[in-house]
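This report concerns only the one structure given below.
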Amino acid sequence: MARKIDPAKREAILKAARMVFLRDGYDESRMSVIAAEASVAPGTLYLYFDSKEALASSIGEQIFARLIKEFAQVINGLGTPAGVDTLVEWSASIAAEERDLLKLIKMQAQKADKHAEVGPKQEFKKHLTNLLGHLMKTPGVRQYEAASLSEIVFFLLSGIFETCLYDESQDIERIKKATADVLKHALFEDSVLMAVKP
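This is the structure:
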(Lines of atoms letter the chains of each structure in order from A and count residues from 1; the text may use other names and numbers.)
(Lines give C-alpha, C1' and ligand atoms only; values in the text may rest on other atoms or scores of the structure.)
Protein backbone atom coordinates (compact mmCIF):
# COMPACT_ATOMS: atom_id res chain seq x y z
CA MET A 1 0.00 0.00 0.00
CA ALA A 2 1.35 3.44 -0.94
CA ARG A 3 2.22 5.73 1.93
CA LYS A 4 0.11 8.90 2.22
CA ILE A 5 1.86 12.16 1.55
CA ASP A 6 1.80 14.42 4.61
CA PRO A 7 1.50 18.07 3.46
CA ALA A 8 3.14 19.33 6.67
CA LYS A 9 6.11 17.00 6.20
CA ARG A 10 6.43 18.05 2.54
CA GLU A 11 6.45 21.70 3.60
CA ALA A 12 9.07 20.99 6.28
CA ILE A 13 11.28 19.35 3.65
CA LEU A 14 10.89 22.32 1.29
CA LYS A 15 11.68 24.75 4.11
CA ALA A 16 14.79 22.75 5.03
CA ALA A 17 15.89 22.55 1.38
CA ARG A 18 15.49 26.28 0.98
CA MET A 19 17.64 26.88 4.07
CA VAL A 20 20.33 24.40 3.00
CA PHE A 21 20.44 25.74 -0.58
CA LEU A 22 20.93 29.26 0.73
CA ARG A 23 23.48 28.26 3.35
CA ASP A 24 25.55 25.74 1.38
CA GLY A 25 24.84 26.72 -2.22
CA TYR A 26 22.96 24.48 -4.60
CA ASP A 27 25.93 22.48 -5.87
CA GLU A 28 27.23 21.72 -2.37
CA SER A 29 23.83 20.84 -0.91
CA ARG A 30 23.24 17.16 -0.15
CA MET A 31 19.95 15.33 0.16
CA SER A 32 21.12 13.71 3.42
CA VAL A 33 21.74 17.15 4.96
CA ILE A 34 18.33 18.36 3.80
CA ALA A 35 16.71 15.27 5.34
CA ALA A 36 18.50 15.90 8.65
CA GLU A 37 17.44 19.57 8.67
CA ALA A 38 13.84 18.50 8.01
CA SER A 39 14.05 15.84 10.76
CA VAL A 40 13.13 13.04 8.36
CA ALA A 41 14.97 9.91 7.29
CA PRO A 42 16.70 10.11 3.89
CA GLY A 43 14.35 7.41 2.59
CA THR A 44 11.38 9.52 3.61
CA LEU A 45 12.82 12.51 1.78
CA TYR A 46 13.02 10.45 -1.41
CA LEU A 47 9.33 9.50 -1.06
CA TYR A 48 8.54 13.18 -1.46
CA PHE A 49 11.28 14.32 -3.86
CA ASP A 50 13.35 12.00 -6.02
CA SER A 51 16.20 14.46 -6.54
CA LYS A 52 17.73 17.77 -5.55
CA GLU A 53 16.49 19.12 -8.90
CA ALA A 54 12.92 18.16 -7.98
CA LEU A 55 13.30 20.05 -4.69
CA ALA A 56 14.63 23.16 -6.44
CA SER A 57 11.83 22.94 -8.99
CA SER A 58 9.19 22.71 -6.24
CA ILE A 59 10.68 25.72 -4.45
CA GLY A 60 10.59 27.64 -7.74
CA GLU A 61 6.95 26.63 -8.25
CA GLN A 62 6.14 27.86 -4.72
CA ILE A 63 7.70 31.22 -5.49
CA PHE A 64 5.84 31.55 -8.80
CA ALA A 65 2.56 30.54 -7.10
CA ARG A 66 3.16 33.25 -4.50
CA LEU A 67 4.00 35.76 -7.23
CA ILE A 68 0.81 34.96 -9.12
CA LYS A 69 -1.32 35.28 -5.98
CA GLU A 70 0.27 38.56 -4.88
CA PHE A 71 0.33 39.86 -8.45
CA ALA A 72 -3.42 39.30 -8.74
CA GLN A 73 -3.92 41.49 -5.67
CA VAL A 74 -1.49 44.17 -6.88
CA ILE A 75 -2.89 44.33 -10.39
CA ASN A 76 -6.41 44.85 -9.06
CA GLY A 77 -5.20 48.35 -8.18
CA LEU A 78 -3.69 48.89 -11.62
CA GLY A 79 -6.75 50.80 -12.83
CA THR A 80 -5.00 54.03 -11.81
CA PRO A 81 -1.52 55.45 -12.41
CA ALA A 82 -0.81 55.06 -8.67
CA GLY A 83 -1.42 51.34 -9.11
CA VAL A 84 1.51 51.24 -11.54
CA ASP A 85 3.78 52.62 -8.82
CA THR A 86 2.52 49.87 -6.49
CA LEU A 87 3.20 47.20 -9.12
CA VAL A 88 6.75 48.41 -9.75
CA GLU A 89 7.48 48.71 -6.02
CA TRP A 90 6.10 45.20 -5.45
CA SER A 91 8.36 43.78 -8.18
CA ALA A 92 11.45 45.34 -6.66
CA SER A 93 10.53 44.26 -3.12
CA ILE A 94 9.99 40.61 -4.17
CA ALA A 95 13.33 40.57 -5.98
CA ALA A 96 15.11 42.07 -2.98
CA GLU A 97 13.34 39.80 -0.47
CA GLU A 98 14.00 36.58 -2.40
CA ARG A 99 17.30 37.66 -4.05
CA ASP A 100 19.52 34.77 -2.96
CA LEU A 101 16.96 32.03 -3.54
CA LEU A 102 15.91 33.40 -6.93
CA LYS A 103 19.56 33.51 -8.01
CA LEU A 104 20.04 29.88 -6.97
CA ILE A 105 16.91 28.72 -8.76
CA LYS A 106 17.81 30.63 -11.90
CA MET A 107 21.38 29.29 -11.96
CA GLN A 108 20.20 25.72 -11.43
CA ALA A 109 17.52 26.04 -14.11
CA GLN A 110 20.16 27.24 -16.57
CA LYS A 111 22.44 24.31 -15.73
CA ALA A 112 19.74 21.66 -15.85
CA ASP A 113 17.70 22.80 -18.82
CA LYS A 114 17.49 26.15 -20.55
CA HIS A 115 13.72 25.71 -20.74
CA ALA A 116 13.20 24.72 -17.09
CA GLU A 117 11.57 28.04 -16.20
CA VAL A 118 9.22 27.98 -19.19
CA GLY A 119 6.30 26.34 -17.35
CA PRO A 120 6.08 28.78 -14.42
CA LYS A 121 6.88 31.78 -16.64
CA GLN A 122 4.21 30.79 -19.14
CA GLU A 123 1.70 30.37 -16.32
CA PHE A 124 2.60 33.80 -14.95
CA LYS A 125 2.31 35.40 -18.42
CA LYS A 126 -1.03 33.69 -19.03
CA HIS A 127 -2.34 35.08 -15.76
CA LEU A 128 -0.91 38.52 -16.60
CA THR A 129 -2.58 38.43 -20.03
CA ASN A 130 -5.97 37.68 -18.45
CA LEU A 131 -5.61 40.43 -15.86
CA LEU A 132 -4.49 43.00 -18.44
CA GLY A 133 -7.40 41.99 -20.69
CA HIS A 134 -9.78 42.86 -17.85
CA LEU A 135 -7.90 46.09 -17.13
CA MET A 136 -8.35 47.28 -20.71
CA LYS A 137 -12.11 47.28 -20.17
CA THR A 138 -11.58 50.21 -17.77
CA PRO A 139 -12.29 53.70 -19.16
CA GLY A 140 -9.12 55.71 -19.76
CA VAL A 141 -6.95 52.63 -20.34
CA ARG A 142 -5.32 52.30 -23.77
CA GLN A 143 -6.31 49.34 -25.91
CA TYR A 144 -3.80 46.69 -27.01
CA GLU A 145 -3.79 43.03 -27.83
CA ALA A 146 -3.56 41.59 -24.31
CA ALA A 147 -0.91 38.90 -24.96
CA SER A 148 1.46 41.39 -26.60
CA LEU A 149 0.97 43.88 -23.78
CA SER A 150 1.62 41.08 -21.31
CA GLU A 151 4.99 40.33 -22.95
CA ILE A 152 6.00 44.00 -22.71
CA VAL A 153 4.94 44.37 -19.06
CA PHE A 154 6.66 41.08 -18.20
CA PHE A 155 9.85 42.27 -19.91
CA LEU A 156 9.85 45.54 -17.94
CA LEU A 157 9.18 43.81 -14.62
CA SER A 158 11.86 41.21 -15.42
CA GLY A 159 14.30 44.08 -15.92
CA ILE A 160 13.66 45.22 -12.36
CA PHE A 161 14.09 41.64 -11.11
CA GLU A 162 17.35 41.16 -13.02
CA THR A 163 18.73 44.48 -11.80
CA CYS A 164 17.88 43.67 -8.17
CA LEU A 165 19.32 40.16 -8.48
CA TYR A 166 22.52 40.78 -10.38
CA ASP A 167 23.47 44.44 -10.48
CA GLU A 168 23.28 46.07 -7.07
CA SER A 169 25.48 48.91 -8.34
CA GLN A 170 22.55 50.31 -10.33
CA ASP A 171 20.35 53.04 -8.91
CA ILE A 172 17.21 50.94 -8.47
CA GLU A 173 15.10 53.96 -7.51
CA ARG A 174 15.88 55.61 -10.85
CA ILE A 175 15.07 52.38 -12.71
CA LYS A 176 11.80 51.93 -10.79
CA LYS A 177 10.74 55.50 -11.62
CA ALA A 178 11.59 55.09 -15.32
CA THR A 179 9.75 51.76 -15.48
CA ALA A 180 6.68 53.23 -13.78
CA ASP A 181 6.68 56.24 -16.13
CA VAL A 182 6.92 54.02 -19.23
CA LEU A 183 4.11 51.76 -18.00
CA LYS A 184 1.87 54.69 -17.07
CA HIS A 185 2.24 56.25 -20.52
CA ALA A 186 1.73 52.89 -22.20
CA LEU A 187 -1.37 51.98 -20.19
CA PHE A 188 -3.23 55.22 -19.62
CA GLU A 189 -4.65 57.82 -21.95
CA ASP A 190 -3.13 61.29 -21.62
CA SER A 191 -6.32 62.68 -20.06
CA VAL A 192 -6.00 60.23 -17.15
CA LEU A 193 -2.33 61.10 -16.60
CA MET A 194 -3.03 64.85 -16.75
CA ALA A 195 -5.81 64.50 -14.16
CA VAL A 196 -3.39 63.08 -11.57
CA LYS A 197 -0.43 65.42 -12.17
CA PRO A 198 0.36 67.61 -9.11
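According to the numbering used here, the sequence shown is numbered sequentially starting from 148.
Even glycine gets a Cβ: it sits at the ideal position worked out from N, Cα and C.
Between which two residues does the alpha helix (DSSP H) holding residue i run?
i, result
"Tyr291", "Counting along the chain, Tyr291 falls outside any alpha helix (DSSP H), and DSSP gives it neither H nor E."
"Phe335", "Looking at the DSSP string, Phe335 is not in any alpha helix (DSSP H), and its letter there is neither H nor E."
"Lys156", "154-171"
"Gln209", "199-222"
"Gly230", "228-244"
"Pro286", "Per DSSP, Pro286 belongs to no alpha helix (DSSP H) and is neither H nor E."
Using the C-alpha atoms, what's the distance from residue j back to residue i?
i, j, result
"Asp116", "Gly287", "Outside the shown range of the chain, which is 148 to 345, sits residue 116, and nothing can be said about it."
"Lys151", "Leu249", "31 Å"
"Ser238", "Phe308", "7 Å"
"Ala327", "Val231", "6 Å"
"Asp314", "Leu234", "21 Å"
"His262", "Phe271", "Residue confidence for His262 is low, a pLDDT of 49 falling below 50, so the modelled location carries little weight and cannot support an answer."
"Pro189", "Ser240", "35 Å"
"Asp153", "Asp318", "45 Å"
"Ile181", "Gly172", "12 Å"
"Lys403", "Phe218", "Summary: the structure shown does not reach residue 403, with the chain confined to residues 148 through 345, and so no result is reported for it."
"Ser176", "Asp247", "15 Å"
"Gln220", "Arg213", "11 Å"
"Ser205", "Ile322", "31 Å"
So residue i and residue j are in contact, right, with Cβ under 8 Å, and what is the actual spacing, rounded?
i, j, result
"Leu251", "Phe168", "5 Å"
"Leu282", "Leu225", "6 Å"
"Leu202", "Ala164", "4 Å"
"Ile160", "Tyr193", "Going by Cβ atoms, the distance from Ile160 to Tyr193 rounds to 10 Å, so no, they are not a contact pair."
"Leu330", "Leu303", "6 Å"
"Glu245", "Ile210", "6 Å"
"Pro228", "Val343", "5 Å"
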